[in-house]
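S.K.: Attaching a single structure in structure tokens format; questions to follow.
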Amino acid sequence: MSTETHSETHGFQTEVKQLLHLMIHSLYSNKEIFLRELISNASDAAEKLRFEALSDGKLYEDDGDLKIRIAFDKDAKTITIDDNGIGMTRDEVVEHLGTIAKSGTSQFFSQLTGDQAKDSALIGQFGVGFYSSFIVADKVDVITRKAGAAVADGVHWSSTGEGEFTISNVEKAGRGTSIVLHLKEGEEEFADGWRLRTLVRKYSDHIALPVVMQSEPVPAAEGEEEKAPEDETVNSATALWTRNKSELNAEDYNEFYKHISHDFSDPLTWAHNAVEGNLEYTSLLYVPERAPFDLWNREAPRGLKLYVQRVFIMDQAEEFLPLYLRFLKGVVDTKDLSLNVSREILQKDPNVDKLRSALTKRALDTLIKLGKNKPEKYQTFWNEFGQVIKEGPAEDNANKEKIAKLMRFASTHGESADQNVSLEDYVSRMQEGQEKIFYVVADNYATAKNSPHLEIFRKKGIEVLLMTDRIDEWMMSHLFDFDGKSFQDVTKGELDLGETESEEEKQAQDEAAKSKEALVERLTEKLTEKVSEVRVTHRLTDSPACLVIGDHDMGAQMRKIMEAAGQAVPDVKPIFEINPEHPLIGKLDQEVDEDRFAELSLVLFEQADLAAGGQLEDPAAYVARLNKLLLELSS
1 MSTETHSETH GFQTEVKQLL HLMIHSLYSN KEIFLRELIS NASDAAEKLR
51 FEALSDGKLY EDDGDLKIRI AFDKDAKTIT IDDNGIGMTR DEVVEHLGTI
101 AKSGTSQFFS QLTGDQAKDS ALIGQFGVGF YSSFIVADKV DVITRKAGAA
151 VADGVHWSST GEGEFTISNV EKAGRGTSIV LHLKEGEEEF ADGWRLRTLV
201 RKYSDHIALP VVMQSEPVPA AEGEEEKAPE DETVNSATAL WTRNKSELNA
251 EDYNEFYKHI SHDFSDPLTW AHNAVEGNLE YTSLLYVPER APFDLWNREA
301 PRGLKLYVQR VFIMDQAEEF LPLYLRFLKG VVDTKDLSLN VSREILQKDP
351 NVDKLRSALT KRALDTLIKL GKNKPEKYQT FWNEFGQVIK EGPAEDNANK
401 EKIAKLMRFA STHGESADQN VSLEDYVSRM QEGQEKIFYV VADNYATAKN
451 SPHLEIFRKK GIEVLLMTDR IDEWMMSHLF DFDGKSFQDV TKGELDLGET
501 ESEEEKQAQD EAAKSKEALV ERLTEKLTEK VSEVRVTHRL TDSPACLVIG
551 DHDMGAQMRK IMEAAGQAVP DVKPIFEINP EHPLIGKLDQ EVDEDRFAEL
601 SLVLFEQADL AAGGQLEDPA AYVARLNKLL LELSS
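For what it's worth, full-length UniProt numbering labels the leading residue of the sequence shown as 1, then goes sequentially.
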């Protein structure tokens, strides 16, 4: 290596400084993961070279034997991880080693607590990669050259992790990247051949690339010359997904997941399948334990690692899974795509659609199985990814039934918002004569559970699903039925309880409606600017009145979402329903003073609006009317 030229000093991005500080102080119990992260990066660099060389074989520079080499020096207290992969240019070094180019960064730092154990888990959720070097090193040197670049275009990056780094030009004969870790005081244990071999086999045995180290010196027998150390492959160097499932255990799968995801946590579950026939492929799909910080950025990079005949093609092939399954990690390896496949070709290849369909069904079946066999783990999954799954019915009509089986909701059958039920559970508890799956949409659990619309359902013991996510009303506009049962929003349209109501009950309802015809006319006149219709209801048992939406009108939740997005919302008046058996309705019917009747009518309407989670147009006027009534009662 010649003398360095064109040296510059740069400051780390603010987020990098925070992450480095956090890692150094929070990951003391997981120090050894640094080697896994650096080997994973080296493996990725080799795979990227292999892909680029498909169209330009000169990038191999007469060295097609891709490998990762690990060396150490006990006296100098250094570890060197060397690869002959794709390498980096000067600009790429600055971009990749000086900044965190990942969405969700601000949210990540806003969730830090100062609790080392909790923050360590957050780091795993965010991903760390190269920066894990500073867990054990107080100085890191990176020497790299891009494949195909001139020898003089090598780059030397160096930092102590204190807030800045230096970068300079160097000569580097071979392509690829060498990372030299200068170990901190007290971390000398890692500059040991046995320790490094143990870590490679523990964390990186599944890497398809050979991880090479020099063999340990063996004392020569008397009279014999000491043998020079030889290169030996430390790992199995076989792609995990190509191995038979019977050869693998949970630890193998967990470590491979951490390799492809850079997550510290084990996955919740996985599905490993080899398929032969008209379409031949091997897939390994993982369900993470935690959602990434960029989960809600639908434009964020996502997808599976794509291999064609074990040759790496692309890192985040999004074409093989629908957007509502964007949280899945994994690998797909197929013989039915060409080696020179590109994203443009993927979009036109019919085999991609077949693979997408097969992988989607495999993923959904895996989640359904998790829900049935391990409900506690599934609850963890639902808490993290449930709202993303709810995008499914609108995006994937072919798999609506499978997606619906994944749904979990709070219901009147449970005692808290955390007691979720599946649609299969609900259907199994449906009453004799019940033809529909009833649900209510509200802003929160308390509003939903205490909705006056549920009163008749409680009286009859009919279960109602309580939906409180912002996406729920939109989702239900695409999910029409389940197991042959249609859905019914209890706040919309005429209430029809089917055969759960007797003929005597229906006759009594008709008679009650006739007895209040005059009251309905008076209320319609007084509330004509507020409501589209006034009618007698049998859905209430305790409340005097409630507001109902037309069968095809937009609900309150969707209105709020559209208004927040700045979209025009149609001005639709609700239906005002009154409970003929309630004492307040009886007193209202007897009120002869028209002004007082108008005041009472408005109070009842606004109370019904508040009970439905609405916002009053003029809260001060409502308070004034209520105070006036209270004064009259006290006089």
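Glycine included, C-beta positions come from ideal geometry on N, C-alpha and C.
1) Could you please give the first and the last residue of the uninterrupted beta strand (DSSP E) stretch that includes Met562?
2) For Asp481, name the three-state secondary structure that DSSP assigns.
3) Using the C-alpha atoms, what's the distance from Asp294 back to Leu323?
4) Reducing DSSP to helix, strand and coil, say where Leu626 ends up.
5) Can you list the alpha helix (DSSP H) stretches of 4 or more residues lying completely in the stretch 420-505, in chain order?
6) Within the present structure, is the beta-carbon of Glu92 separated from the nearest heavy atom of the ligand FAD by less than 7 Å?
7) What are the partner residues of Thr537, as DSSP defines its beta bridges?
8) For Gln488, which residues in the same chain have their Cβ closer than 6 Å to its Cβ, ignoring the five residues on either side in sequence?
9) Assuming Val170 contacts Gly154 under a Cβ cut-off of 8 Å, what Cβ separation, rounded to an integer in Å, is found between them?
10) Suppose you measure from the CA of Ile167 to the CA of Thr177; what does that come to, to the nearest Å?
11) If you compare alpha carbons, which of Phe381, Leu325, Thr242, Ala237 is closest to Pro267?
12) Is it buried or exposed for Phe329, if we count other Cβ within 10 angstroms and need 16 for buried?
13) Near His206, which residues of its chain fall below 8 Å by C-beta distance, leaving aside the five closest residues on each side in sequence?
14) For Glu216, which residues in the same chain have their Cβ closer than 6 Å to its Cβ, ignoring the five residues on either side in sequence?
15) Residue ranges of each alpha helix (DSSP H) run of no fewer than 4 residues wholly in the stretch 30-55, ordered along the chain?
16) Which of the three DSSP states, helix, strand or coil, is assigned to Ser132?
17) Just to confirm the assignment, what range does the alpha helix (DSSP H) spanning His206 have?
18) Pull the bridge partners of Arg408 from the DSSP assignment, please.
19) Buried or exposed: where does Val180 fall if 16 or more other Cβ atoms within 10 Å of its Cβ makes it buried?
20) If you count every other CB in all the chains shown that lies within 10 Å of the CB of Ala612, and 16 or more means buried, which is it?
21) Can you list, in chain order, the residues of its chain whose CB lies under 7 Å from that of Asp618, leaving out five sequence neighbours each side?
22) Just the C-alpha distance for Thr457 and Ile585, rounded to the nearest angstrom, thanks.
23) Enumerate in chain order the residues of its own chain whose CB-to-CB distance from Leu633 is below 6 Å, with the five nearest sequence positions on each side excluded.
24) Pop quiz: Ile575 and Leu602 are said to be a contact at Cβ under 8 Å. What is the actual Cβ separation, rounded to whole angstroms?
25) What residue from Asn41, Glu376, Ala228, Glu463 has the CA that sits closest to Phe130's CA?
26) Give the list of continuous alpha helix (DSSP H) stretches no shorter than 4 residues that lie fully inside the stretch 217-267.
27) Compute the beta-carbon to beta-carbon distance between Leu527 and Phe605, rounded to the nearest angstrom, for a pair I have assumed lies under 8 Å.
28) Can you check whether the CB of Trp270 is closer than 8 Å to the CB of Tyr286?
29) Less than 7 Å between C-beta atoms, sequence neighbours within five positions excluded: which residues of the same chain meet that for Lys530?
30) Between the C-alpha atoms of Ile39 and Glu276, what's the straight-line distance to the nearest angstrom?
31) Which word fits Pro393, buried or exposed, when buried means at least 16 other C-beta atoms lie within 10 angstroms of its C-beta?
32) Using CA coordinates, which residue listed in Lys492, His552, Ser132, Gly433 is at the minimum distance from Val485?
33) Rank Glu47, Thr144, Ser204 by C-alpha distance to the C-alpha of Asp82 and give the top, closest one.
34) Is the stretch 55-68 in contact with the stretch 312-322, if contact means three or more CB pairs nearer than 8 Å?
35) Roughly how many angstroms separate the alpha carbons of Leu519 and Asp589, rounded to a whole number?
36) Hey, is the stretch 394-410 in contact with the stretch 360-373, meaning 3+ C-beta pairs nearer than 8 Å?
M.R.: On the basis of the data shown:
1) For the purposes of this step, residue 562 is identified with residue 562 of the sequence shown, where counting begins at 1. Unbroken run through Met562 is the alpha helix (DSSP H), 556-564; no beta strand (DSSP E).
2) Within the sequence shown, residue 481 is the residue found at index 481, counting from 1. Three-state result, Asp481: strand.
3) As a first step, residue 323 is located in the sequence shown; it is residue number 323 there, counting from the start. As a first step, residue 294 is located in the sequence shown; it is residue number 294 there, counting from the start. If you take the alpha carbons of Leu323 and Asp294, they lie about 13 Å apart.
4) The residue given as residue 626 occupies position 626 in the sequence shown. Helix at Leu626.
5) 423-428, 445-449, 455-460, 472-476
6) As far as ligands go, the structure on display features none, and thus does not contain the ligand FAD.
7) On the sequence shown, position 537 is the one that residue 537 refers to. The partner list for Thr537 (beta bridge, DSSP) is empty, contrary to what the question assumes.
8) Here residue 488 refers to the residue found at position 488 of the sequence shown. Closer than 6 Å at the Cβ level, and outside the excluded window around Gln488, lie Lys436, Phe438.
9) For the purposes of this step, residue 170 is identified with residue 170 of the sequence shown, where counting begins at 1. For the purposes of this step, residue 154 is identified with residue 154 of the sequence shown, where counting begins at 1. So it is a contact: roughly 4 Å between Cβ atoms.
10) By one-based count along the sequence shown, residue 167 stands at place 167. By one-based count along the sequence shown, residue 177 stands at place 177. Whole-angstrom Cα-Cα distance: 14 Å.
11) Translated into positions along the sequence shown, residue 267 becomes position 267. Among Phe381, Leu325, Thr242, Ala237, the Cα nearest to that of Pro267 belongs to Phe381.
12) On the sequence shown, position 329 is the one that residue 329 refers to. For clarity, residue 329 is Lys in the given sequence; the question names Phe instead. With 16 or more Cβ atoms within 10 Å of its Cβ, Lys329 is classed as buried.
13) The residue you call residue 206 lines up with position 206 of the sequence shown. Around His206: Asn235, Ser236, Thr238, Ala239, Leu240, Asp252, Glu255, Phe256, His259.
14) If you number the sequence shown from 1, residue 216 lands on position 216. Only Gly193 meet the Cβ criterion.
15) 33-52
16) The sequence position of residue 132 within the sequence shown is 132, counting from 1. DSSP places Ser132 in helix when its eight states are reduced to three.
17) Residue numbering aside, residue 206 sits at position 206 when the sequence shown is read from its first letter. First-last for His206: undefined, no H or E at that position.
18) Residue mapping note: residue 408 aligns to position 408 of the sequence shown, counting from 1. Arg408 pairs with Ser422.
19) The count along the sequence shown starts at 1 and reaches residue 180 at position 180. Its Cβ being crowded by 16 or more others within 10 Å, Val180 is buried.
20) Locating residue 612 in the sequence shown gives position 612, counting from the first residue. Its Cβ being crowded by 16 or more others within 10 Å, Ala612 is buried.
21) As a first step, residue 618 must be located in the sequence shown, where it is residue number 618. Taken in chain order, the list of residues that qualify is empty.
22) As a first step, residue 457 must be located in the sequence shown, where it is residue number 457. As a first step, residue 585 must be located in the sequence shown, where it is residue number 585. Sequence check: residue 457 is Phe here, not Thr. One C-alpha to the other measures close to 21 Å.
23) Against the sequence shown, residue 633 aligns to sequence position 633. None.
24) For the purposes of this step, residue 575 is identified with residue 575 of the sequence shown, where counting begins at 1. For the purposes of this step, residue 602 is identified with residue 602 of the sequence shown, where counting begins at 1. About 16 Å; that fails the 8 Å criterion.
25) For the purposes of this step, residue 130 is identified with residue 130 of the sequence shown, where counting begins at 1. Of Asn41, Glu376, Ala228, Glu463, the residue nearest in Cα terms is Asn41.
26) 250-261
27) Residue numbering aside, residue 527 sits at position 527 when the sequence shown is read from its first letter. Residue numbering aside, residue 605 sits at position 605 when the sequence shown is read from its first letter. That pair is a contact at about 6 Å.
28) Walking along the sequence shown from the start, residue 286 turns up at place 286. Walking along the sequence shown from the start, residue 270 turns up at place 270. Against a cut-off of 8 Å, the Cβ pair of Trp270 and Tyr286 comes out as a contact.
29) By 1-based counting over the sequence shown, the position of residue 530 is 530. Counting only Cβ-Cβ distances below 7 Å, and skipping sequence neighbours, we find Lys573, Phe605.
30) Taking the sequence shown and counting its residues from 1, one reaches residue 39 at position 39. Taking the sequence shown and counting its residues from 1, one reaches residue 276 at position 276. Their Cα atoms are separated by approximately 32 Å.
31) Working through the sequence shown from its first residue, we reach residue 393 at position 393. Pro393 should be labelled buried.
32) Taking the sequence shown and counting its residues from 1, the one referred to as residue 485 is at position 485. The residue asked about is misnamed: residue 485 is Lys in this sequence, not Val. Comparing Cα-Cα distances from Lys485 to each of Lys492, His552, Ser132, Gly433, the minimum goes to Gly433.
33) Position 82 of the sequence shown holds residue 82. Selected option, being the one with the closest Cα: Thr144.
34) no
35) One-based indexing of the sequence shown puts residue 519 at position 519. One-based indexing of the sequence shown puts residue 589 at position 589. Those two C-alpha atoms are separated by around 6 Å.
36) yes
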